[in-house]
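Since the structure comes first, as structure tokens, the remarks are kept for the end.
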Amino acid sequence: MDPGFEHYDTLKLDEALGHFYMDVRKADGNRYKINSLQCSLNRYLKAPPYNKKIDIVNDERFSASRENFKAAMAELKRMGLGDVEHYPSIDEADRRKLYTSIYLSPNTPFGLQNKVQFDIRLYFCRRGMENMPQMTKSTFSVKKDPKTGLKYVVKTLDELTKNHRSSDKEKTSGIMPENSGSEFCPVFSIEKKVNKLNPECDKLWQRPKDQFCEEDPTWYYNIPVGEKTLGNFMSYLSKKCNLSEIYTDHMHRSWP
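Residues in the sequence shown are numbered consecutively from 1352, following our numbering.
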């Protein structure tokens, strides 16, 4: 990409991305599999220190570069280099429906837990529910960007993936950035949830209390959520929120 592209306006960035998708090559002159590059760029621009309020994958303002991206993908597939897309990404309208539903409301123990789990799957998980049952209060930590003053969440320990145990990087951002001023801010949600967890249980996913008050110090029982419940997370939300289809956890993680 052009030096300083992070500071381009939308029009100029759209043009630069279009050229990038068509021209990018490895050092040896061979083509990249650009599907992962597009998603990585999208996360990079949204993360600190840039915190862009744009989406180069779905935003209509980037329609021109997306056409170039599709053309480049078609050429890669013709050459046998296209990424195999095993699972489709979740629909943007369904994503909005989820975030605005009572099932992801941060104002209840049940909704707060669902929202935090949804955010974590989006930003950190690679293979559905893997390692979700083992997550504890210390699996993630909140840090602050010294340049912007904005917070972000990182995973405390990074384990190797099942399918890529060498130097392959995860197809996740590695950080979950603050969305300052938004009621859907993922950093605010995870901070609130950790503060409301039962002190007698170290697990991150605890059974929500049915009766509660906002000022209660604990919103959760000293009972971990079962693996079956965690494994049915996306299909459960799909049905309850009346989404356009029944999504799987692998669909969820394939989000850009």
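From the three backbone atoms N, C-alpha and C, an ideal C-beta is built for every residue, glycine too.
Whole-angstrom C-beta distance between residue j and residue i, which should lie under 8 Å
i: K1547; j: T1569; result: 6 Å
i: K1466; j: L1455; result: 4 Å
i: S1626; j: G1369; result: Residue 1626 is absent from the model: the chain starts at 1352 and stops at 1607.
i: L1392; j: T1487; result: That pair is no contact at about 32 Å.
i: Q1464; j: P1559; result: 6 Å
For residue i, the first and last residue of its enclosing alpha helix (DSSP H)
i: I1541; result: P1537 to K1547
i: F1461; result: P1460 to Y1474
i: Y1450; result: E1443 to Y1450
i: Y1372; result: T1361 to D1374
CA nearest to the CA of residue i, picked from the options
i: D1365; options: D1410, Y1401 and C1390; result: D1410
i: G1582; options: F1469, R1412, L1362 and A1367; result: F1469
i: R1447; options: N1549, L1594 and L1501; result: L1594
i: Y1395; options: M1373, I1574 and F1356; result: F1356
i: M1424; options: K1403, L1388 and L1555; result: L1388
i: N1549; options: M1527, V1576, P1528 and G1532; result: V1576
i: Y1598; options: F1461, K1397, K1488 and E1443; result: E1443
i: Q1562; options: F1420, P1460 and A1367; result: P1460
i: S1589; options: K1397, S1492, L1449 and M1373; result: L1449
i: N1419; options: M1373, T1451, I1407 and I1441; result: M1373
i: K1363; options: R1412, N1393 and T1490; result: R1412
i: V1493; options: T1487, P1484, M1486 and Y1503; result: Y1503
i: F1535; options: I1453, Y1587 and D1553; result: I1453
i: F1475; options: M1527, A1367 and D1353; result: M1527
i: N1530; options: T1361, F1371, I1405 and Y1359; result: I1405
i: M1585; options: D1445, Q1557 and D1553; result: D1445
i: K1579; options: K1397, Y1359, I1471 and N1482; result: N1482
i: E1551; options: V1375, H1358, T1451 and N1573; result: N1573
i: T1490; options: D1553, I1441, D1360 and V1375; result: D1553
i: C1592; options: K1421, I1471 and G1462; result: G1462
Run of the beta strand (DSSP E) containing residue i, from where it starts to where it stops
i: M1527; result: I1526 to P1528
i: K1506; result: K1502 to K1506
i: Y1587; result: Counting along the chain, Y1587 falls outside any beta strand (DSSP E), though it belongs to the alpha helix (DSSP H) covering F1584 to K1591.
i: P1575; result: Y1571 to P1575
In DSSP terms, what residue i is bridged to
i: T1487; result: K1554
i: K1404; result: Answer by DSSP bridge pairing: none, since K1404 is not bridged.
i: K1495; result: K1502
i: P1559; result: Y1571
Short CB-CB distance (under 8 Å) between residue i and chain D
i: K1560; result: Of the protein chains in this structure there is only one, and it is not chain D.
Stretch-stretch touch, CB-based, cutoff 8 Å, three pairs: the stretch 1561-1580 with the stretch 1529-1540: Fewer than three pairs of CB atoms, one per stretch, sit closer than 8 Å, so the stretch 1561-1580 makes no contact with the stretch 1529-1540.
Determine contact between the stretch 1490-1503 and the stretch 1396-1405, defined as no fewer than three beta-carbon pairs at a distance below 8 Å. yes
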